[in-house]
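Engineer: This structure is in structure tokens; I'll ask about it shortly.
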Amino acid sequence: MSELAARWILSTQRAVLGFQNVPALDPSDAVFEGTRLFGIRMIGFNRENGDKLLLSIALILIVVAVAAAVRWIARHVVDEERHPRPAFWTRQVVMLGSAFVLLLGLLSIWFDDPTRLATALGLVTAGLAFALQRVVTAIAGYFVILRGKLFRVGDRIVMGGVRGDVVALGLTQTTILEMGQPPAVAGNPPDVWVRSRQYTGRVVNVPNANVFEEPIYNYSMHVPFIWEEMSLPVPYAADRDQTEAVLLKAARTHAAKPADLSVQDVRALRRQHLDEPALEPTVYYRLTDNWLELTVRFVTSERGVRDVKDKMSRDILSGLDAAGIGVASATLEVTSFPPLQLTHVGETSKPK
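Residue numbers (this note's numbering): 1065 to 1416.
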């Protein structure tokens, strides 16, 4: 549409509606300014909107570049292996700070009128809360994880039925390097083919919304060790004292020693328990119908439990063989037979 035609349409409308005394609008004003694409004027895209779009793109590029530079500097300044907690919080602060600056900048660019901003935020918030309930819940779970200190990157946890080590914490999902599960819980979904606490090789993304639905089990939050147990059934006629000595020797050789625990670990352990926890290996008895069950309880690191149990099992078997003690099993032993009476039946006469 040419400028002359636009002026003629405006003058005609003013005459029909009786607005002769109202100043006429100039087609060169911002209302009539626009961008032509292949000769077609694009509605709603004028010079002002174009400036805002370019400014928004520049802001996004600057924020992304600054965030990447800060993360690069943090990786070279903070050793993640020696100082995992400062490295973790640095990443979270950079991510949240970038999102806040980006959101504030975009709102300032596109909404210069506070009334329009409040209306837009109200509509957007209501729409997101209705259409993206799971996403909003997952984001809330992210802040609960940070504020409640449920876990951090590197912790060994069980979340959403998945056991493993946390390798990344995002705004909506937690990434876990999956581990196998003991036979007692292996039937819980998802099933895994590794029947011990060792890596399966799968990486699982668990929504953060699970913190509101299921308990979170953390194996390494406060202290870097856990209590483990091994049970051994022996006949009642076996030498109980010798069997107990074999179990204690294996536990003291391969399990964690109280002297290896740092002062900070012991203090953290005492803060978490009302009673003084036993750190030395201990053997407990349990009477059953078929055998005597001896259980050795010991402290070990939360990592490498299978290796520790394997070494202990080998030492226990060697010690039992040397002491002449056998392991009880659910077998049926026949001690006597009832008397048998055999009757010889001769051949019957054949009919002639």
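We put the beta carbon where it would ideally sit given N, CA and C, even for glycine.
In its own chain, which residues sit with a C-beta less than 8 Å from the C-beta of V1165, not counting the 5 before and 5 after it?
Structural biologist: V1127
Engineer: If you check the beta carbons only, do L1358 and L1325 fall under 9 Å apart?
Structural biologist: no
Engineer: When burial is assigned at 16 or more other CB atoms within 10 Å of the CB, is G1388 buried or exposed?
Structural biologist: That one is exposed.
Engineer: Among V1270, E1308, P1288 and I1290, whose alpha-carbon lies nearest the alpha-carbon of P1297?
Structural biologist: E1308
Engineer: By the DSSP assignment, the beta strand (DSSP E) with T1364 in it spans what residues?
Structural biologist: Counting along the chain, the beta strand (DSSP E) containing T1364 begins and ends at L1356 to S1365.
Engineer: Could you tell me which residues DSSP puts in a beta bridge with N1282?
Structural biologist: I1221
Engineer: My output table needs one value for E1293: the three-state DSSP class, helix, strand or coil.
Structural biologist: strand
Engineer: Decide if Y1263 is buried, meaning its Cβ has at least 16 other Cβ atoms within 10 Å, or exposed.
Structural biologist: It is exposed - the Cβ of Y1263 has fewer than 16 other Cβ atoms within 10 Å.
Engineer: If we ignore side chains and look at the alpha-carbon of each, how far apart do E1277 and R1111 end up?
Structural biologist: 50 Å
Engineer: At the level of alpha carbons, what is the spacing between S1365 and F1289?
Structural biologist: Distance between the alpha carbons of S1365 and F1289: 4 Å.
Engineer: If you check the beta carbons only, do S1162 and A1204 fall under 9 Å apart?
Structural biologist: Result no, Cβ atoms of S1162 and A1204 do not sit closer than 9 Å.
Engineer: Note down the Cα distance separating Q1245 from L1343, rounded to an integer number of angstroms.
Structural biologist: 25 Å
Engineer: Rounding to the nearest angstrom, what Cα-Cα distance links R1198 and G1224 in this structure?
Structural biologist: 15 Å
Engineer: What is the rounded straight-line gap between the Cα of V1134 and the Cα of V1287?
Structural biologist: Each residue's Cα considered, the two are about 31 Å apart.
Engineer: To the nearest angstrom, report how far apart V1142 and A1394 are at their CA atoms.
Structural biologist: 57 Å
Engineer: Between which two residues does the beta strand (DSSP E) containing Q1237 stretch?
Structural biologist: Q1237 to M1243 is the span of the beta strand (DSSP E), which, as asked, contains Q1237.
Engineer: Is the Cβ-Cβ distance between D1229 and R1220 less than 9 Å?
Structural biologist: yes
Engineer: Quick check on P1150: does DSSP put it in helix, strand or coil?
Structural biologist: helix
Engineer: Quick check on this structure: which residue in K1116, T1189 and P1150 has the alpha carbon closest to the alpha carbon of F1175?
Structural biologist: Checking every option, the nearest Cα to that of F1175 belongs to K1116.
Engineer: How far does the alpha helix (DSSP H) with S1314 in it extend, from its first residue to its last?
Structural biologist: The question names Ser, yet the displayed sequence has Ala at residue 1314. Segment R1304 to H1318, the alpha helix (DSSP H) holding A1314.
Engineer: If we ignore side chains and look at the alpha-carbon of each, how far apart do W1355 and E1292 end up?
Structural biologist: 22 Å
Engineer: Start and end of the beta strand (DSSP E) containing G1212?
Structural biologist: Unbroken run through G1212 is the alpha helix (DSSP H), Q1197 to G1212; no beta strand (DSSP E).
Engineer: Thinking A1202 and P1271 are a contact (beta carbons under 8 Å), I'd like their distance in whole angstroms, please.
Structural biologist: 5 Å
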